[in-house]
Amino acid sequence: MGIIRALSKKVNIRETFALQNQQYSEKLLLADSVPAATEKLGKVSVSTLGNFLCQFITGHYQSLALVNTSHTIDDGVSHLRGQLIDGTGNRKLFNDYIPLDLFLSPGRTKSASAENNLTAYSTYADRADAANSLFYPVEFEYLFAVNTDILFAVKNDSDVALTYEICFHGIRIFDRSTSR
Amino acid sequence: MNAPIIRRPGQLTPTMYSQGKKRTQLPQVQQNSPCFDRVDVKTAKAVQPFWIFHRLRFTPTGNVKQIFIEKINPGFVYLLRNLFIKCNGFYRFISEGTIELTQNPFYCEIFSCGNLKKRQCQPITVQLIATPGPYGLGNLGKGVVYLSAPSAVDANIFSVNATSQGPTCVKKLNYFFVSGDGIRIEFTTTLNSYWTVYLDCVLDGYYIPEKELAYWEGAQL
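Protein chains in written order, with the working numbering: chain X, 10 to 189; chain Y, 493 to 713.
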């Protein structure tokens, strides 16, 4: 719908290029693996290109668990919780560690690792249903300054290492001193 | 070039709230894509998201009310955009050897602390105002037993078992809480289980400095 409306108007090429030279759509990816039963600080650099205005976040993560000390199964339980921090001044953007399943979409993803080959383990656990495929980017509007780091402190309560990926959707805004 | 920033058609954003924009004041051109509008960095940097997480514990004593209060920092107003709520279910014994996963009814009511002004007429079921909402999960106590997925008991985290289901939709609340006030949210339920039930609540909102608000400039909101 949006693109139809955008194309229904006459585009001023000169102005659009001039604007594009100062800002454009950008995505930053934060991907990390958190060892079992530990906390780890993941980060992605905004880089020296310019400021980054985040608008939405999306992400997915694994939900593996250890059963009977030797088998791993994807039981659909969320084991990760995290706190988002702006590297500039270590400003915390969450008041606490928030379970990832509360705000990340599409959320749980089935692990493709070789360990995840159980459909059930005796009477202890069954493998979870397929992950949710609905997709809803959650609004998160924040201006990250040039050259800062986006930090994400994640705690893993599972007995196995879990990976996650978060995508920050936004606009790259060149620093005025570099765009002139 | 102080063009409004970052909006979808017909929608006000936190930044525009801080500017005192009205929906009717949106420019009629180039409001489709944020990339067609020049971002005003000075305005954008004044808004800071701050998500507030609370985990409430409901013990099985019949009618239960749990309240949490979050104080708003002086000098800022808080714009509550969304709620994300999850609460765990439990396994109900139907007959010997037969159980089913069921859910307690949770009702939510939002107040301003200062004047206890309700933001809604009556408590509303959490499924109707928040996502992901209740999900299928069981809680039989820490480390008691693993039951069939997708509701195996997570023995490691607060004895709470959370089957992952991400948010699938959001209804914007857009509640303003003034500086120095507090957000008071009451959850009530009637527990039908023998086990403790947990409710996770995330307030998705923004801190906006008072000096950025339009009322400092005499504008009418």
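Using N, Cα and C, we set each Cβ at its ideal position, and we do this for glycine too.
Query raised in the report: If you draw a straight line from the C-alpha of X:Tyr70 to the C-alpha of Y:Pro566, how long is it?
Result: 36 angstroms
Query raised in the report: Can you name the residues of chain Y whose CB is closer than 7 angstroms to the CB of X:Gly116?
Result: Ser656, Gln657, Gly658
Report task. Spell out whether any CB of chain Y is found under 8 angstroms from the CB atom of X:Ser56. Result -> no
Query raised in the report: In its own chain, which residues sit with a C-beta less than 6 angstroms from the C-beta of X:His178, not counting the 5 before and 5 after it?
Result: Lys36, Gln64, Phe65
Query raised in the report: In this structure, what does DSSP give as the bridge partners for Y:His546?
Result: Y:Cys693
Query raised in the report: So, helix, strand or coil for X:Thr172, using DSSP?
Result: strand
Report task. Give a yes or no on whether 8 angstroms exceeds the smallest Cβ distance from X:Glu174 to chain Y. Result -> no
Requested in this report: Determine which residues of the region 29-62 of chain X have a Cβ less than 9 angstroms from any Cβ of chain B, and write them out in chain order.
Outcome: The question asks about chain B, but that chain is absent: this structure's protein chains are X and Y.
Query - Between the CA atoms of Y:Val539 and Y:Asp529 - distance to the nearest angstrom - result: 18 angstroms
Query - Bounding residues of the alpha helix (DSSP H) (the contiguous stretch that carries X:Thr81) - result: From DSSP, X:Thr81 is part of no alpha helix (DSSP H) but of the beta strand (DSSP E) over 80-83.
Query raised in the report: In terms of residue numbering, what span does the beta strand (DSSP E) encompassing X:Gln31 cover?
Result: No beta strand (DSSP E) holds X:Gln31; DSSP gives it neither H nor E.
Requested in this report: Compare the Cα-Cα distances from Y:Val694 to each of X:Thr118, X:Leu102, X:Lys164, X:Leu143 and report the closest residue.
Outcome: X:Leu102
Query raised in the report: Does the Cβ-Cβ distance between X:Ala40 and X:Gly91 come in under 8 angstroms?
Result: no
Requested in this report: Report yes or no: do three or more beta-carbon pairs, one from the region 155-172 of chain X and one from the region 70-90 of chain X, lie closer than 8 angstroms?
Outcome: yes
Report task. Closer than 7 angstroms, Cβ to Cβ, to anything on chain Y: give me those residues from the region 89-121 of chain X, in chain order. Result -> Leu102, Phe103, Asn104, Asp105, Ile107, Pro108, Asp110, Leu111, Phe112, Leu113, Ser114, Pro115, Gly116, Arg117
Query raised in the report: From Y:Val569 to X:Asp83, what does the alpha carbon distance come to, in whole angstroms?
Result: 42 angstroms
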